[in-house]
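Read through the structure below, which is laid out as structure tokens, and then see the notes.
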Amino acid sequence: SQTIHQWPATLVQPVGSPLSLECTVEGTSNPNLYWYRQAAGRGLQLLFYSVGIGQISSEVPQNLSASRPQDRQFILSSKKLLLSDSGFYLCAWGGGQGNQPQHFGDGTRLSIL
Amino acid sequence: GEDVEQSLFLSVREGDSSVINCTYTDSSSTYLYWYKQEPGAGLQLLTYIFSNMDMKQDQRLTVLLNKKDKHLSLRIADTQTGDSAIYFCAESYSGNTPLVFGKGTRLSVIA
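Residue numbers (this note's numbering), protein chains in the order written: chain A, 4 to 116; chain B, 2 to 112.
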């Protein structure tokens, strides 16, 4: 069966520090991978999605970036965090073998001080 | 652009049925989903329906789709306290495209 791992679960970072959140998927190949952010108002905002290695689509201009160095690995990064980057970050996968609907990781709660 | 609307709150008594409603604007939506989010957790896929279906039932969950009115509903029979969570409606054009989410309906179950 397929599983998705996302870490860390919680993170507290100072303003201006760098960020690296990692997400990996097991049990499938060539999945579509997604990063979403959920702010305090509960809505989910799509940040990035990827249909293959090295292919990244950005939905919202911001100081975040994403990379997909391997088929089942998706990384969310920032060089300098802003206060407004606080939120709950969710990784998801879909498609792949069997054209699966999107399944989400457990999320990373990021607090910027 | 695409939009998905849900009411923000719903309160029901334990044992009653809950009905959570959702409307969407994109008539080309092919896949419609319901996700559940418990406090501090990620989103759990509950069920999904293709646009060529009217209804899908899975144990206590029943999804109804009115494609003409672009209206989707999730009925939870015999609602339990463990059903208290935020429920998100979402749509996508295909199984490989990003989802557009509603803002979520917070379901509170009163014992």
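Note that the Cβ used here is the ideal one computed from N, Cα and C, for glycine as well. Just so it is clear, the structure is predicted and the values come from calculations on it, not from any experiment.
Secondary structure of L108 of chain B, DSSP reduced to three states: Looking up residue 108 of chain B in the second sequence gives position 107. Reduced to three states, the DSSP call for L108 of chain B is strand.
Given Q7 of chain B as reference, the closest of B:G96, B:Q45, B:F89 once Cα atoms are compared: Position 6 of the second sequence, counting from 1, holds the residue named residue 7 of chain B. Checked all of B:G96, B:Q45, B:F89; the closest Cα to Q7 of chain B is B:F89.
Delimiting residues of the beta strand (DSSP E) encompassing K83 of chain A: As a working mapping, residue 83 of chain A is identified with position 80 in the first sequence. Under the DSSP assignment, K83 of chain A falls outside any beta strand (DSSP E); it carries neither an H nor an E label.
Any chain A beta carbon closer than 8 Å to P40 of chain B: Along the second sequence, one-based indexing puts residue 40 of chain B at 39. No, no contact with chain A.
Where the beta strand (DSSP E) through G83 of chain B begins and ends: As a first step, residue 83 of chain B must be located in the second sequence, where it is residue number 82. Per DSSP, G83 of chain B belongs to no beta strand (DSSP E) and is neither H nor E.
Enclosing beta strand (DSSP E) for S23 of chain A [first to last residue]: Against the first sequence, residue 23 of chain A aligns to sequence position 20. First-last of the beta strand (DSSP E) with S23 of chain A: 22 to 29.
Short CB-CB distance (under 8 Å) between Y37 of chain A and chain B: Here residue 37 of chain A is taken as the residue at index 34 of the first sequence, counted from 1. Answer yes: the Cβ-Cβ gap between Y37 of chain A and chain B drops below 8 Å somewhere.
Residue-level contact to chain B via CB, P104 of chain A, 8 Å cutoff: Taking the first residue of the first sequence as 1, we reach residue 104 of chain A at position 101. Closer than 8 Å: yes.
Bridge-paired residues (DSSP) for S61 of chain A: In the first sequence, residue 61 of chain A corresponds to position 58, counting from 1. Looking at the DSSP assignment, S61 of chain A forms a beta bridge with A:F51.
Nearest-angstrom Cα separation, counted from H72 of chain B out to S18 of chain B: Indexing the second sequence from 1 puts residue 18 of chain B at position 17. Indexing the second sequence from 1 puts residue 72 of chain B at position 71. Those two C-alpha atoms are separated by around 19 Å.
Own chain partners of Y25 of chain B with C-beta closer than 6 Å, once the 5 adjacent residues on each side are dropped: What you label residue 25 of chain B is simply residue 24 of the second sequence in a count that begins at 1. Its chain contains V5, K71, E92 as the residues whose beta carbon lies nearer than 6 Å to that of Y25 of chain B, once the 5 sequence neighbours on both sides are disregarded; these appear in chain order.
Q5 of chain A CB to nearest heavy atom of the ligand COA below 7 Å: The ligand COA is absent from the structure shown, which contains no ligands of any kind.
Opposing strand residues paired with D79 of chain B [DSSP bridges]: To locate residue 79 of chain B, count along the second sequence from 1; it is residue 78. Paired residue(s): none; D79 of chain B is not in a bridge.
Where the segment 70 to 92 of chain B meets chain A: residues whose CB sits under 9 Å from a CB there: Near chain A, meaning a CB-to-CB distance below 9 Å, the residues of the segment 70 to 92 of chain B are I87, F89, A91.
At least 3 beta-carbon pairs within less than 8 Å: the segment 96 to 111 of chain A vs the segment 51 to 70 of chain B: Result no; under three Cβ-Cβ pairs closer than 8 Å.
P99 of chain B to L108 of chain B span [Cα, whole Å]: Here residue 99 of chain B is taken as the residue at index 98 of the second sequence, counted from 1. Here residue 108 of chain B is taken as the residue at index 107 of the second sequence, counted from 1. Distance between the alpha carbons of P99 of chain B and L108 of chain B is about 25 Å.
Residue from A:T6, A:S80, A:R75 with nearest C-alpha to Q65 of chain A: In the first sequence, residue 65 of chain A corresponds to position 62, counting from 1. The alpha carbon of Q65 of chain A has as its nearest neighbour, out of A:T6, A:S80, A:R75, the alpha carbon of A:S80.
Terminal residues of the beta strand (DSSP E) in which K37 of chain B lies: As a position in the second sequence, residue 37 of chain B is number 36, starting the count at 1. Looking at the DSSP string, the run of the beta strand (DSSP E) that includes K37 of chain B is 32 to 38.
Beta-carbon proximity of S114 of chain A to S89 of chain A, cut-off 8 Å: To locate residue 114 of chain A, count along the first sequence from 1; it is residue 111. To locate residue 89 of chain A, count along the first sequence from 1; it is residue 86. S89 of chain A sits close to S114 of chain A, with the two beta carbons spaced by under 8 Å.
CB contact flag (Q5 of chain A, E29 of chain A, <8 Å): In the first sequence, the residue the question calls residue 5 of chain A occupies position 2. In the first sequence, the residue the question calls residue 29 of chain A occupies position 26. Contact flag set, yes.
Cβ-based contacts, 9 Å cut-off: residues of the segment 65 to 97 of chain A near chain B: Going along the segment 65 to 97 of chain A in chain order, one finds F91, L93, C94, A95, G97 with a Cβ nearer than 9 Å to chain B.
Contacts of Y32 of chain B in chain A (Cβ-Cβ under 9 Å): The residue given as residue 32 of chain B occupies position 31 in the second sequence. Residues of chain A passing the Cβ test: P104.
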